[in-house]
Amino acid sequence: MDKDELVREMKEVDKLLDNISHNRLLQRNWERLKIIAQKKMHKDIEKANQEKKDNIGG
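The sequence shown lines up with residues 1 to 58 when you count with UniProt numbering.
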């Protein structure tokens with residue numbers, strides 16, 4: 001392997017490592033979004049149930 005080939009290979013490895021880091025960041029953000037959505041959905045369900053109770057009782 002000559003110097004130019006080695007440099008190309010190293011650049012390719014750097015690119016792949018950057019992609020891996022980016023994918024991990026996206027995965028963490030996706031997990032956070034899922035948690036936020038689940039919490040919001042839970043709150044919305046509780047609110048709807050409370051409104052239903054209020055309407056039945058009223």
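Where is the CB? At the ideal position from N, CA and C, for every residue including glycine.
Straight across, the Cα-Cα distance linking Asn19 with Lys47 is about 42 Å.
In the three-state reduction of the DSSP assignment, Met41 falls in the helix class.
CA-to-CA, the gap between Leu33 and Gln27 works out to about 10 Å.
By the criterion of a C-beta distance shorter than 7 Å, Leu25 is surrounded by no residue of its chain, once the five residues flanking it on both sides are discounted.
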